[in-house]
Amino acid sequence: MTNTDTAMLAASIQPPPQKKGFSFGAFWDSWGIASVLVVLVIVAVILEPDFLSMGNIQSILRESAYLGIVACAMTFAIMNGTFDLSVGGQLALVSVVTLFAYGVGGTPLALAAAIGTGIACGLINGALVTALRVPPFVATLGMLFVFRGIAYVLTQNGPAVLPYSEVKSPFAQIGSLNVVGIPLTFIIMLLVFGVGYVVLRRTGTGRKVIAFGSSPLAAKFSGISAARIRLFVFVILGLSVGIATLTYITRVWTADGSAQDGFELRVITAAVLGGASLQGGKGSLVGTFSAVLLVSVLNDLLVSMGVGASYQRIILGCVLIVALAIDGLRTKFPGSSALRKALSFRNKRVATAG
Amino acid sequence: MKHTKMWLMAGAITATAALALTGCSTGDAPAGGDGETKTDITVGFSVYDMQYEFFQEMEAGTKAAVEANGWDYVLHDEKSDENEMVTGAQALLDQGVDVLIISPFKPDALGPIIAKAQELGVPVIVDDIGGGGTPYDAIVVSDNKDGGVQAADFIDAQVKELGLTSKKVVSITCEPSAVYAAQRNIGFVEQIESLGYEVVTELSGNSKAEEAYTIMKDALAKDPDVAGVFACNDPMAVAAANAISDAGKNPTTDIVTVGYNGDGEALTAIDGGTLSATVAQDPKGMGALTVDLAKKLLDKEDIEFGNADEREVYQPVTLITKANVADFLK
Amino acid sequence: MTVLAPTKKKSSISFVQEALRGLPLAIPLALVVIGLAIGAPGFLTSTNLENVLFAASVLVIPGLAMTLCITMGEFDLSIGSTVALTGAVACTAIASGMGTGVGLVLALLVGAIVGLLNGLIITKLGVTPFIATLATLVIVRGVAQAFTNGRDVIVSDPVLKYFASGRPLGIPFPILLAIVALVFMLWLTYRTRFGRWVAAIGSNRDAARLSGLPVDRIRILVYVIIGIAGALWGIMISAQLQKGSGQLGVGFELDAITIVVIGGTSLLGGRASVVGTVLGALLIETISNGLNLLNVPPAYQRISIGILLVGALAIQAIRRKVPVEALDDKH
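Heads up: the sequence lines are chains Z, V and B, in that order. Here the first sequence stands for residues 1 to 354, where the numbers follow the working numbering. Here the second sequence stands for residues 355 to 684, where the numbers follow the working numbering. Here the third sequence stands for residues 685 to 1015, where the numbers follow the working numbering.
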């Protein structure tokens, strides 16, 4: 089958166009989490008088960046029907290498090291999954251990650090600089999401990412094309970790093998909370963006109210379940989801399109 | 319509949860005071992780001392997360605390915090763990290396007293990133080797009790005639002692077991004869000491440093054994 | 409710077939054992080998339960938090004088409840298992910490200690428990309808539902089994440490899932390899033990497990010539 045939086949399996007029399903898909975020911010302003202070908002935006950047790439992955459990290990390793590189060659080398190491990690994962056919869950779980392990070995004699003498350096400034009052790290996150949106919704590659995720059948018929797209997805993940690292270690100034334990689960949580379905084919960058901010705002609110760490965990877990229950309940009732309808007629459509 | 119901449900749940939170609040007094008098001082205390008894004690000591001075107090829990540490400590500074006391989860992440503090002219005092080579104003540390030396001396004395013939010991270290706690085992190994012993196993238990248990089991299998074991913290020491007793030996008379910290479980074990000794820190005292130093800094007085180059102020550690444990049990 | 009448050939899982799937793991295991026997002093002593079996036994009990779940095409990330909560419950009950028996029963009950919770969230609320158990991982951890109020619950209980040091018939108690669990799981998986049903759900959930199986009830039951296995794990660890703690068990779920996956049970569901899980537990614990004996720092232990995981499966995948569509994991 040629590439055009593949694309046509994939396109024929798109869900039927939404009927005109207001559809709650469509609204919730794109703006559901954003709406909850707005409600939460209103609640926060009421409960925490200092919430809207410049410093507090800047703090929330600044620290959301590294989670958000990787969550953006993870949304791509989940829409393609896969995911990457190794991003926490990648973050640790890239952070360590970047700090070492800074010590050797200053900012230019550090920037190159961050991007380069991130892409390298992505290529390894991608190769394992596409060329060696290791299931993504296992491949990335194993690589999580390997990446962290390498980071540990590299920092055997002590963590990688940005020395205090560099406090005024441009590199350190990346983490603390505010442009017109907006933290630079957040601006980077906005740029990443912007580029991501364009690639996902306006390019052929982006459409293929979604198409192959929503229809494993189309993926099967396209063989190499699907594999290439999946490799692309993993490289994007690695690249995102590289960029995220720059926003992360310029704020924290240190890294070793134990950095950000559990990061991968938080990233996947953000993407799924934002509307990405682990079945593939469905996801929302707006949703992911809102979900990342939602988690940060909620965390800030709980901390300022003095809620103990254990209760914070309970509340965050419940929020996740509630959000997904709403989504899950919708898919259980066939009438409210067009995508589910399309999938259940999948085989018939293939027969007629062929 | 079904959809409207769900929309309302989502909004209602969020609102209800948030309202319920107001009932759950266990918060401390907000920062900044009323701004009525200039002498109203607010102390911000950022702590490693309130899950651990050691830091709960430190927090209690700090808070009591702050309130005894008539000052305001704000607490921040880093929850063993370096990202939270930086964000939260910077938030305390943003809120306008007059002094920052911090017990850092990752000392190397102090850089950005000190940078901001210096920008705002706020003095910073570090409580234990480490200073990361940053320009803090003062650091209060337990004398970790000396603690390790005391442990080594104790094991040597006990071995002679019990008439044990073996010269083999085991050293269980904390997680590799705790570079300052590592001083304990470094001091221990130096001293014990100078006393003629051989460290047959030195492994990291990652500061976790369950890992120390397995390490001790394996160490015993390799060298059944081990004479002593020193662990970098009490949870690991008690776990190692359990492993020893599960293997059929006595963790005070067959093998000398020493921990570090002075946690409740260690004191109980020493009293009950299932642990030989521990090197106790005094987190409460350390907390009070940091507040004392804070006052000096705010009053622009001089501080007497134990080590002026590193601006270290030492809190002595005490070896607790069966002989004196009764004094320490509350 | 009708059930497809099972014929011996078609829908029963063949134990022999499944054992063959897991057996290749015996090769790396043998290699590691030989390598350690030569290179690691003290490996071949009876005490040390018993230690390895002991550690593998503790791990294999939850591993067997997880095998069942993965055969069903799902998995449970929350088991580590269950370990903490159930251990804390048992020790708190013992410490407040309610007796060891009560403590153990309560722990098992709490484990079952966590499993029930997982099952209900997944079946009735329609949340995918990956995310649902991720959420309960966080929630149960919070509950465990709140329950213990940040303080470890110290106990000194000879009955509890039996789970760590008891030696009925001269064999350490956990090893006996593991053998019992293994026999039970072999029977359940290969000789009962329940086992076939679980595999059927793993192969094709919709087809299973259409053929009349009480799919939701079966799924809930599997999560309850995992919850109980998690409670046993919590009891055993608490017995070793003689305390309950809200900090216990962090990351345990990855250990459990790892041994199942390297053991050959397919993540796609539908096929179990109980033998593989057992070999996987032995392999992981042997490597860990060997590295301890050789004084190798923990960093290398992590790398070795990761490489093992990836390598073992790459080999299997290449041999199977898995087609592209299997790149997707159904969760």
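We treat Cβ as the ideally placed atom computed from N, Cα and C, and that holds for glycine. Nothing here was measured: the structure is a model prediction, and the numbers come from that model.
Using the Cβ count rule (16 or more neighbours within 10 Å means buried), how would you classify B:P842? exposed
Measure how close the beta-carbons of V:L454 and V:G398 come, nearest whole angstrom, since I'm counting them as under 8 Å. 5 Å
Which of the three DSSP states, helix, strand or coil, is assigned to Z:N178? strand
Rounded straight-line distance, which links the Cα of V:K417 to that of V:T376: Note that V:T376 has pLDDT 37, beneath the 50 cutoff, so the model's placement of it is unreliable and no number is given.
For V:V679, the first and last residue of its enclosing alpha helix (DSSP H): V679 to F682
So, does the segment 958–971 of chain B touch the segment 602–617 of chain V, judging by three or more C-beta pairs under 8 Å? no
With distances taken between CB atoms, is the gap from Z:M143 to Z:G89 smaller than 9 Å? yes
Determine, for Z:R62, whether the minimum Cβ-Cβ distance to residues of chain V falls below 9 Å. yes
Helix or strand or just coil, what does DSSP make of V:S400? strand
Interface partners of Z:S176 on chain V, CB under 7 Å: P466
Contact between the segment 267–279 of chain Z and the segment 99–107 of chain Z (3+ Cβ pairs under 8 Å): no
For V:G502, does the three-state DSSP call read helix, strand or coil? helix
Give the residues from the segment 409–431 of chain V that approach chain Z closer than 9 Å (Cβ to any Cβ), ordered along the chain. L429, H430 and D431
Is it right to say B:L743 is buried, meaning 16 or more other beta carbons lie within 10 angstroms of its own, or is it exposed? buried
Where do the N-terminal and C-terminal ends of the beta strand (DSSP E) with V:N615 fall, by residue? V610 to N615
Are at least three pairs of beta-carbons, each pair with one atom in the segment 490–498 of chain V and one in the segment 665–676 of chain V, less than 8 Å apart? yes
Please list the terminal residues of the continuous alpha helix (DSSP H) segment that includes Z:F147. P136 to L154
DSSP three-state label for V:V453, please. strand
Unbroken beta strand (DSSP E) run spanning Z:A291, endpoints: No beta strand (DSSP E) contains Z:A291, which is instead part of the alpha helix (DSSP H) from L285 to S304.
Cross-chain neighbours of B:K927 in chain V, by beta carbon under 7 Å: E619
Could you work out which residues of chain V lie near Z:Y152, taking near to mean beta carbons separated by less than 8 Å? P530
Would you call B:I921 buried or exposed, if buried means 16 or more other Cβ atoms sit within 10 Å of its Cβ? buried
Output needed for Z:V192: all residues of its chain with C-beta closer than 6 Å, excluding positions within five of it in sequence on either side, in chain order. I69 and C72
Burial state of V:A506, where buried means 16 or more other Cβ atoms lie within 10 Å: buried
Could you name the residues of the segment 555–574 of chain V whose beta carbon sits closer than 7 Å to any beta carbon of chain Z, in the order they occur along the chain? none
Which of helix, strand or coil does DSSP assign to Z:S169? coil
Listed in chain order, which residues of the segment 461–486 of chain V have Cβ atoms closer than 9 Å to some Cβ of chain Z? P461, D462, A463, L464, G465, P466, I468, A469, K470, Q472 and G486
How about V:C586 and V:T527: do their beta carbons lie closer than 9 Å? yes
Buried or exposed: where does Z:A131 fall if 16 or more other Cβ atoms within 10 Å of its Cβ makes it buried? exposed
Within-9 Å CB hit, B:F814 to chain Z: yes
Taking the CB atoms as reference points, tell me whether Z:V129 and Z:P136 lie closer together than 9 Å. yes
Cutting at 8 Å between CB atoms, please list the residues of its own chain near B:G995, excluding the five before and the five after it. none
With 9 Å set as the bound, which would you pick, yes or no: does the beta-carbon of Z:A309 sit closer than that to a beta-carbon of chain B? yes
Examine the Cβ distances between the segment 725–743 of chain B and the segment 787–800 of chain B and report whether three or more of them are shorter than 8 Å. no
Using only the alpha-carbon positions, how far apart do B:N979 and V:S558 sit? 9 Å
If you compare alpha carbons, which of B:A956, B:N973, B:G954 and B:G947 is closest to B:A998? B:G947
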